[in-house]
Amino acid sequence: MVARYSVTYQRGSSGTSGNWVNLGRFYRVYLGGGFLILNKEWRDIEKLARAIEQSVSPGASVQHNVNLPHVDSISGATSQCDIVITEGGGARTFTTIVEVQSRNVKVKVGEFLGWLGKRKLVGADKLVCVSRKGFSSTIKELAAKEGKVVVLVMLHELDPSSLPMNFISFHLQYRHFILRDVLNIRAGISRVDLDSLGIRERFYEQRQRQSRADAKEWSLDGISVITLEALIRESVDYKEDFSGVSRLKIEFDSEVPLYTFFEGAFIRAAIDVEFDYLNRFYSVPMSTLAYEQLEHGVLGWVMVGDLKTDYGDLAVKIPIYQDKDGIYSMKDEDVIVSGMEGVRMHVSQASSEVSWCS
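Structure below.
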């Protein structure tokens with residue numbers, strides 16, 4: 063049976079970077095609200111190309127935006143290379159430069175010839191040219207004359223009917239949550255736990271009795287610590303559009319326990335809080351780009367989603383790779399989100415509840 067997954071992006075501190083996630087066929091992407099930022103499209107394309115090239119050559123060093131020295135320069139001249147791939151070492155070092163043309167026009171012959179010249183200047187063994195709009199017949203002929211030294215790659219949108227039979231299905235979903243005010247709050251602490259830990263007096267002497275919305279002092283799992291705002295955000299229906307006043311009450315004997323954190327210990331707690339908040343939920347399907355090497359085939363894919371809301375615009379680009387066993391995967395540090403700052407990813411099976419921890 064094919065596993066189903068959700069991927070959650072939520073405003074807050076980033077999770078562990080560099081994690082590989084194996085993907086089933088069905089997939090959801092959630093985005094949480096943040097601050098508006100602007101990314102240059104061409105720079106995003108370079109980063110996506112770097113990520114896919116790294117998946118093609120997992121043992122190589124793949125660097126973005128590198129200045130390489132000219133091999134015969136006595137003045138220290140250098141040339142900027144979009145991506146540099148270095149394999150091996152010592153006398154057997156093999157260097158590939160990747161040049162990306164992301165504008166909405168085909169690569170011009172003069173530009174291509176400039177890339178050929180750059181390869182020779184920096185002493186690279188191979189040149190990979192990436193374009194969003196393809197290559198003219200003239201450039202294809204020129205590349206063919208260079209033999210295996212030059213590779214042409216297109217990053218182009220795929221029709222859904224052209225996707226592999228077992229490819230994953232993506233949708234972009236965005237949640238905008240604002241805790242506007244905490245109107246009333248009452249919190250209770252387990253005296254039994256305090257006494258068993260021998261910290262009752264210190265707790266009441268040192269702990270502020272008033273909880274701040276941005277203070278990380280609560281926990282729902284006895285492992286991670288979250289703020290009051292995050293606790294409320296997790297507790298309300300994330301798909302329900304709502305604006306107004308609500309109430310959250312968690313007792314000591316509630317099915318989902320609540321803890322407060324003090325001196326390295328999680329202590330059972332209860333809370334009754336009245337708050338004013340706004341919650342909006344949006345959903346939009348994503349399109350798929352193929353990173354396709356001419357005369358070879360697709361090396362990777364990029365899932366692209368764009369969303370316009372009353373609170374700002376969002377765009378997400380997710381590179382997808384396939385290993386030799388046919389398993390699709392992604393790497394969280396390679397995902398690009400623009401339009402909002404301060405988001406992180408959460409992966410869970412689609413059948414489970416989505417966690418909105420910060």
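No gaps in the numbering here: position 193 of the sequence shown is 255 in our numbering, and each next residue is one more.
Even glycine gets a Cβ: it sits at the ideal position worked out from N, Cα and C.
Taken in chain order, the unbroken stretches of alpha helix (DSSP H) that lie wholly in the region 160-241 and span 4 residues or more are 171-184 and 199-207. Residue pairing for V244: DSSP places it in a beta bridge opposite F337. For S258, the enclosing alpha helix (DSSP H) covers residues R253 to L259.
8 Å or more divides the Cβ of F323 from the Cβ of I261.
Counting of Cβ neighbours within 10 angstroms places P381 among the buried residues, the total reaching 16 or more. For R194 and L293, the gap between their C-alpha atoms comes out near 44 Å.
When secondary structure is reduced to three states using DSSP, S305 falls in the strand class. DSSP, reduced to helix, strand and coil, places I312 within a strand of the structure shown. Excluding the 5 residues flanking it on each side, A122 has same chain C-beta neighbours closer than 7 Å at I147, T148 and E149, in chain order. DSSP, reduced to helix, strand and coil, places D372 outside both helices and strands of the structure shown, so it counts as coil. According to the DSSP assignment, I294 belongs to the alpha helix (DSSP H) that extends over L290 to S297. With fewer than 16 other CB atoms across the displayed protein chains lying within 10 angstroms of its CB, K386 is exposed. For the pair of segments examined, the region 244-260 was found not to touch the region 386-401: the number of CB pairs separated by less than 8 Å stays below three. Secondary structure note for E149: it is in no alpha helix (DSSP H), and the uninterrupted beta strand (DSSP E) holding it is T140 to E149. The continuous stretches of beta strand (DSSP E) do not include Y266, which lies in the alpha helix (DSSP H) extending over residues R262 to Q268. Straight across, the Cα-Cα distance linking L282 with S117 is about 37 Å. Annotation: Q125 to H238 spans about 35 Å, alpha carbon to alpha carbon. Taking C-alpha positions only, E354 is separated from E296 by approximately 41 Å.
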